[in-house]
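Residue numbers for the sequence shown follow my numbering, so the first one is -16 and each next one is one higher. Since the structure comes first, as C-alpha cells, the remarks are kept for the end.
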Amino acid sequence: MKFKKIAALLGAFTIASSLFIAGCGNTGTSQKTWRVGTDATYAPFGFKDKDSGKLAGFDVDIINAIAQEEGVEADVQNLNFDALLPALQSNTIDIAISDMTISEDRAKSVDFSKPYYIAGNGLVVNIDNTTINSFKDLEGKRIGVSIGSTGAEIASKIPNADVHQFNIIVDAFLELQNKGVDVVINDTPVNEYYVNGKGKGIAKVTGEDYDAAPLGIAVKKGNTELLNKVNDGLAKIKANGKYAEIYKKWFGKEPPAEDLK
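What follows is the structure, encoded as C-alpha cells:
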C-alpha cells in the first residue's frame, strides 16, 4: 500500500514536471529549439527533397536563417496548411511559415511577423484552355483550391463557381490535369514553379495577379516575446544579405525593394 502511494506521488511529480518544462519551452527566450510547421507541398516555398527526404524550400531556408541569427535551432515539421493555425493555438508548434498571407481573419487567432514576401494569387489552366484569361472569366467555372488558402477565399466570392477544395495544392493541380476542374487559384510563385516543372507542357499561368498581399510568419496569439525574436532575426537577414541570397537561390533573381523593407 505504501509502495503504491509512493509510486502515485512520483507519477504525479513526473507529470507536473513535464508540464512545467513544456510550458517553459514556449516562453521564447528560454527555447533552444523552435518547433516550426510548414506545408511541404508549396514548392518552391516548401517541399520534400526527393533525394535527401528532408524538407527544403524558401520558407525552410528563411526560418532556419532567422533561427541561426537568434541562436536557436529550427525543427521544421510538415503539416497540412489548414492544420497550421490550430497547431499554433494548441501549442503543438511554436511558429508557422508556409506561404501564408497576412489577413484580418487569420490575425484574429494568431500574431504575424513583419512581411517577409509579397505575393499575389494567379490562375493556372490546362495548356489548351483558351476560354479562361482572367479572374473575370471564372463565373460558373470549376475551381480548384487548397483548404484554408487565400485562393479558397477568393474563389468563395466568385458567382456560381463550383469550388473544389483539396488538402494539398498538388492534388488541385492533379485534378486540373485530369480535367476535374477548369482552373486552379493559388499563389503565383507556386504556380510558376509548377508550370515550369512538373506541369511543363501540361499547364500554363494565365491572366494578371489578384491583388498582391504580404506573407507573414505566424506565432500563437499573445506570444510577443517569440514574435519579437522572429522579427529581430528577419530584420537581421534582410540587412546582412542572407535574405537576398536565399531569395535568389529559389526565385532566380534579386528580391524587389518592397520585400527588403
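In this text, a Cβ means the ideal position worked out from N, Cα and C, and glycines have one as well.
- Between Glu241 and the set Ala102, Ile130, Asn179, the nearest pair of CA atoms involves Ala102.
- In the structure shown, Asp88 falls within a helical segment according to DSSP collapsed to helix, strand and coil.
- Fewer than three Cβ pairs drawn from the region 130 to 150 and the region 107 to 117 lie within less than 8 angstroms of each other, which leaves the two stretches out of contact.
- Ranked by Cα distance from Asn150, the options Lys124, Leu67, Val43 are led by Leu67.
- Approximately 6 angstroms separates the beta-carbon atoms of Val188 and Glu175; this is inside 8 angstroms, confirming the contact.
- Rounded to whole angstroms, Ala79 and Gly190 show a C-alpha spacing of 30 angstroms.
- The way I'd put it, the region 21 to 32 does touch the region 53 to 61; three or more beta-carbon pairs between them come closer than 8 angstroms.
- For Gln148 and Ala135, the gap between their C-alpha atoms comes out near 7 angstroms.
- Residues Gln60, Leu62, Leu67, Ala70, Ile76, Ala79 of the same chain have their beta carbon placed closer than 6 angstroms to that of Gly20, with the five preceding and five following residues left out of the count.
- DSSP places Ile152 inside the alpha helix (DSSP H), whose first and last residues are 152 to 160.
- Beta-bridge partners assigned by DSSP to Pro197: Ile101.
- Beta-bridge pairing by DSSP links Ala39 to Phe30.
- Around the CB of Glu53, 16 or more other CB atoms lie within 10 Å, so the residue is classed as buried.
- The C-alpha of Ile200 lies about 5 angstroms from the C-alpha of Ser96.
- Pro27 is a Cβ neighbour of Phe234, given a cutoff of 9 angstroms.
- By the beta-carbon neighbour count (other beta carbons within 10 angstroms, threshold 16), Thr207 is exposed.
- Per DSSP, the continuous beta strand (DSSP E) segment holding Asn169 begins and ends at 166 to 170.
- Its Cα nearest to that of Asn47, the residue Ala57 stands out among Gly40, Phe41, Arg18, Ala57.
- Bridge partners of Thr16 according to DSSP: Glu56.
- Under the three-state reduction of DSSP, Gly216 is assigned to helix.
- For Lys231, the enclosing alpha helix (DSSP H) begins and ends at 225 to 234.
- Its Cα nearest to that of Thr16, the residue Val55 stands out among Asp192, Ser35, Val55.
- Minimum Cα-Cα distance from Asp94 among the listed residues Ala227, Gly205, Ala39 corresponds to Gly205.
- Ser129 is bridged by DSSP to Phe149.
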